[in-house]
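Here the structure is laid out as structure tokens; the discussion comes afterwards.
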Amino acid sequence: MSEQDTHEPAAYDVAAVQDKWLPVWDELQPFRADDDSPREKKYALTMFPYPSGDLHMGHAEVTALHDVIARYWWQRGFEVMNPMGWDSFGLPAENAAIRNNEHPATYTYANIETQYESFKRYGISFDWSRRLHTSDPEYYRWTQWLFLKFRERGLAYRKNSPVNWCPNDQTVLANEQVVDGKCERCGAEVTKRELTQWYFKITEYAQELLDCLDDLEATWPARVVTAQRNWIGRSEGAHVSFAVEGRDEPITVYTTRPDTLYGATFMVVAADAKLAADLVSDEQRAALDEYLTEVRKSTEVDRLSTDRPKTGVFLGVHAVNPVNGERIPVWAADYVLADYGTGAIMAVPAHDQRDLDFAKKFDLPVRRVVDTGEPNPEETYEATTGNGVYVNSGSLDGLTDKAAGIHAIIERLQADGAGEGTVNFRLRDWLLSRQRYWGVPIPVIHCEKDGEVPVPYDQLPLELPELRGADLKPKGVSPLAAAEDWVNVECPTCGGPAKRDSDTMDTFVDSSWYFLRYCSPGYTEGPFDVEKAKTWMSADIYVGGVEHAVLHLLYARFFTKVLRDMGMLGVGEPFAAQLNQGFVINRGKKMSKSLGNGVNLGDQLAEFGVDAIRLTLVFAGPPEDDIDWAEMSPAGSLRFLQRAWRLSGDVSSPAGTPAEGGDVALRRVTARTVHDAAELVEGYRFNVMIARVMELVNATRKAIDSGCGPEDPAVREAAEAVAILLSLVAPYTAEEMWERLGHEPTVARAGWPAVDPALLVEESVTAVVQIQGKVKARLEVAPDISEADLEQLALADEGVIRAIDGRPVRKVIVRAPKLVNVVV
RNA sequence: GCCCCGGUAGCCCAACGGCAGAGGCAGUGGUCUCAAACACCAUCCAGUGUGGGUUCGAAUCCCACCCGGGGCACCA
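Going by the working numbering, the letters in the first sequence line up with residues 425 to 1248, in that order.
Listed below in structure tokens is the structure:
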């Protein structure tokens, strides 16, 4: 051995340390959650990935943040369930299969294995014994089971309706999947089609989904709560019925301003609603058809542009205003939506800008019924919407308050049988059928004689037929429809010829209950063991991307409430708390192929090691903030880890040395750091927590080199605390330190360091003396000094006396023990 | 257009209404080296986007505005 080798090495071999500990952890399985443990339970959940290729920086960030919490809970003595799986049905696999002439499962399961290996090496504290894939028949059998149960409860049903159609993916989309008129997945412009599709009746839970948000406000990110409130879109108003000349059926409208009823000068029905076709006069039928053709030509993108000029067509009929008997024309237009409210409105141009724009365009009358003190909209073409005095409004005249006006008119309408107060939601039912292959087959058989017949429970799972390559090409109907052997079956009821439903389910169905399956992953008697779910639910934290603010999170909440009503769950909300991470960007821009600014996670891990990358991501800033990788320094993180690691080699007291009697100054720093670290983790302030650990490392270094020396027990205490605190972020370095400090693995389960409360009390603090708010002196005082003593001490200070310079003291503010402010 | 979040040192970020700086990056100077890189030690650096207000005292609270980011946007 050369002389150099006997010296303490300056750095450890990152790759070797990773290779060393992985098999040890595999052996120890320190993160296996025991359902029957007497310890208090915590459920740490992070959004499971779609298996597209290998893990990327985004996965690295979210799991690193998430793992801080999970590992913290273990250290604090909880029994922690931290499961992981894959959301493995979906279009990318299907498109890859078409390209490569193979089965979607090939792509899917190969990627899952890649990601699994990467996760393991990345050192996240997942309990792999609970691993699941939503594309496994053993999983989707229960997705089908749930679908059938929902159907039995009237919560899954079919209806014919205009739906969003993505011409690129050749499938329908839920409203939530259409963003700015474009397909959320591929960006193609969405068109409308009239189709019979399956829906979940999420609207039945609209009010509860809204109400429960109040309780989540404290623990969910505000923007998620706001997004859900907006999406549910509750409004209060009234239904008002207008008789139609020459027709028995009235037109019922929904309005939030029934108090402006006297100002209704025309009506508008959605041009694409059945109502328009029913109402139109023979003379105007051609005009309506022509208009409809126009409307259908315009894309969803045009339709949604707010400043588009109003268009419409007169339907050739008149309706009668129920409160004043006035005869008003009925128009059709595309600014009224067929599937909101009743698909028809009363137009009050004076007090609604959209109606006013329309009135102006078609030269329809405008009549003000609320005088708000603003200029008359009849002249300005600026609608007024505020409170004011009612005019031209019969019995409402003279009222000055909107709420009173609304109340009065609703009473009147109800008395006359012409309307009633009502609540309306923007939320629509969840369209769940998809015309694609790689998803859960809908377990329903269509029989000419018996209609919809559910696949019997004992025949679940209804597995997908084997299709691959060109058989999967989108052609407007599901590829399943062409699988003759599969689609043609005997009717379970009558035995006659019947066909299977050939659509598959939206993959959001799969992810609406996966967190329940984790509670009892191998369970064969149902989707999950009710008792086990009781043990673990709700998830104590759900970490993931804010892009799921409405879609996934709303659907999962809906499923949870239905399962509660089915008696299978004791809770009505799935996720007690939530944390959203920001994006990892590069040079100010989202990483993308076209920009050529992608950062490869594998390369980063190879260069700096797992711990340094994890540390960099967690230390970068608050979790919700975006991280610009170009501004980060993984090299700096690695340097810090090596500094921390060197401490463990310098400690010269034996393992087990009691810390009592060690250097008090260092012991105070250790105690304070451990104490604060807990609060910081619980407040998701991981970056600050790490800064505090860095401070502790610096203080320990100083103590070794120029303080109490490496043999002092306080140094051991500090180094051990560093190892445990670092185990939340840098598991390999922490484990290596722990071993060098003379302990058995694993540091991850070592337990949170005990803190002597006496060490948290400072023996002296620095009090600041200000004159006119400017600091003039500092005093070392006891932390429990009285205000009177501190004031006396301050006023006796020479520097203070000089600063006051004989001026009369007008007031002295004392905040013991930290501050005295003298006002002269 | 409406709503939300944020603007602190060259950069990323801290700071119960009480000393503007905890931590890191970069920089500078040293130690080490034949030299360099690495590493280590030391050190410089802003008065908190702008303008008002409240207060003994404001980065922090209030008002207005500017800039950046995000969300919503014919939902009657």
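We put the beta carbon where it would ideally sit given N, CA and C, even for glycine.
Do residue j and residue i have their beta-carbon atoms positioned less than 9 Å apart in this structure?
{"i": "Thr-1170", "j": "Val-441", "result": "no"}
{"i": "Arg-495", "j": "Leu-1152", "result": "yes"}
{"i": "Lys-606", "j": "Glu-600", "result": "no"}
{"i": "Asp-702", "j": "Gly-736", "result": "no"}
{"i": "Trp-566", "j": "Arg-941", "result": "yes"}
{"i": "Gly-687", "j": "Pro-799", "result": "no"}
{"i": "Leu-579", "j": "Lys-625", "result": "yes"}
{"i": "Leu-712", "j": "Ala-756", "result": "yes"}
{"i": "Asp-776", "j": "Thr-809", "result": "yes"}
{"i": "Thr-846", "j": "Gly-661", "result": "yes"}
{"i": "Leu-1149", "j": "Val-1117", "result": "yes"}
{"i": "Thr-627", "j": "Leu-855", "result": "no"}
{"i": "Val-813", "j": "Val-794", "result": "yes"}
{"i": "Leu-884", "j": "Trp-569", "result": "yes"}
Assuming residue i and residue j make a contact with CB atoms under 8 Å, what is their CB distance in whole Å?
{"i": "Ile-752", "j": "Val-692", "result": "Not really, about 11 Å apart at Cβ, beyond 8 Å."}
{"i": "Pro-921", "j": "Ala-963", "result": "That belief does not hold up - the Cβ atoms of Pro-921 and Ala-963 are roughly 46 Å apart, past 8 Å."}
{"i": "Leu-1120", "j": "Val-1146", "result": "6 Å"}
{"i": "Thr-928", "j": "Val-864", "result": "6 Å"}
{"i": "Asp-511", "j": "Asp-934", "result": "6 Å"}
{"i": "Thr-931", "j": "Gly-514", "result": "5 Å"}
{"i": "Phe-574", "j": "Val-986", "result": "7 Å"}
{"i": "Leu-634", "j": "Arg-658", "result": "6 Å"}
{"i": "Trp-1069", "j": "Glu-1160", "result": "6 Å"}
Where does residue i fall in DSSP's three states?
{"i": "Ala-440", "result": "helix"}
{"i": "Arg-792", "result": "coil"}
{"i": "Glu-427", "result": "Caution applies to Glu-427, whose pLDDT of 34 falls short of 50 and renders its modelled position unreliable; the model cannot decide the point."}
{"i": "His-976", "result": "helix"}
{"i": "Asp-1052", "result": "strand"}
{"i": "Ala-435", "result": "coil"}
{"i": "Glu-876", "result": "strand"}
{"i": "Ile-834", "result": "helix"}
{"i": "Gln-568", "result": "helix"}
{"i": "Pro-1058", "result": "helix"}
{"i": "Gln-453", "result": "coil"}
{"i": "Val-1236", "result": "strand"}
{"i": "Leu-479", "result": "coil"}
{"i": "His-527", "result": "coil"}
{"i": "Pro-1137", "result": "helix"}
{"i": "Ala-961", "result": "First, the amino acid is wrong: residue 961 is Met here, not Ala. Reduced to three states, the DSSP call for Met-961 is coil."}
{"i": "Lys-721", "result": "helix"}
{"i": "Gln-594", "result": "coil"}
{"i": "Asn-599", "result": "helix"}
{"i": "Val-1192", "result": "strand"}
{"i": "Tyr-467", "result": "strand"}
{"i": "Ser-819", "result": "helix"}
{"i": "Ala-1220", "result": "helix"}
{"i": "Val-587", "result": "strand"}
{"i": "Leu-515", "result": "helix"}
{"i": "Val-1244", "result": "strand"}
Does any heavy atom of the ligand GDP sit closer than 8 Å to the C-beta of residue i?
{"i": "Gly-946", "result": "Of the ligands one can find in the structure shown there are none, so the ligand GDP has no counterpart to examine."}
Length-filtered (3 minimum) beta strand (DSSP E) runs lying within the region 978-1030: Entirely contained in the region 978-1030, the beta strand (DSSP E) runs reaching 3 residues are, in chain order, 1002-1005, 1008-1010.
Cβ contact check for the region 1090-1097 and the region 1055-1070: 3 or more pairs under 8 Å: Too few Cβ pairs lie closer than 8 Å, so no.
Start-end ranges of the alpha helix (DSSP H) lying completely within the region 1065-1129, minimum 4 residues: DSSP runs (the alpha helix (DSSP H)) wholly in the region 1065-1129: 1088-1106.
Sufficient close CB pairs (3 or more, under 8 Å) joining the region 615-622 to the region 584-603: Taking 8 Å as the limit for Cβ pairs, the verdict is that the region 584-603 does touch the region 615-622.
Secondary structure, alpha helix (DSSP H): runs of 4+ residues fully inside the region 731-804: Inside the region 731-804, DSSP marks whole alpha helix (DSSP H) runs of 4 or more residues at positions 777-786, 801-804, from first to last along the chain.
Continuous alpha helix (DSSP H) assignments of at least 4 residues falling wholly in the region 656-718: Listed in chain order, they are 698-703.
The region 974-981 / the region 650-663 touching (three or more Cβ pairs under 8 Å): Taking 8 Å as the limit for Cβ pairs, the verdict is that the region 650-663 does touch the region 974-981.
Inter-stretch contact at 8 Å, needing at least 3 Cβ pairs: the region 1068-1084 / the region 1130-1142: Output reads yes: the region 1130-1142 touches the region 1068-1084.
Cβ contact check for the region 888-898 and the region 462-477: 3 or more pairs under 8 Å: Cβ pair count under 8 Å is below three, so no.
Length at least 4, wholly inside the region 866-951: the alpha helix (DSSP H) runs in chain order: With a minimum length of 4 residues, the continuous alpha helix (DSSP H) runs that stay inside the region 866-951 are 908-911, 931-934, 938-941.
Contact between the region 829-838 and the region 521-535 (3+ Cβ pairs under 8 Å): In short, these stretches do not touch, since the Cβ pair count stays below three.
Stretch-stretch touch, CB-based, cutoff 8 Å, three pairs: the region 987-996 with the region 1004-1016: No: the two stretches stay apart, fewer than three of their Cβ pairs being nearer than 8 Å.
Three-pair Cβ contact test at 8 Å for the region 458-474 versus the region 1168-1182: No, the region 458-474 does not touch the region 1168-1182.
Cβ pair count under 8 Å reaching 3, the region 667-675 against the region 636-647: The region 667-675 vs the region 636-647: no contact.
Alpha helix (DSSP H) runs wholly inside the region 1142-1198, at least 4 long, in chain order: Note on the region 1142-1198: whole alpha helix (DSSP H) runs with a minimum of 4 residues are 1155-1164, in chain order.
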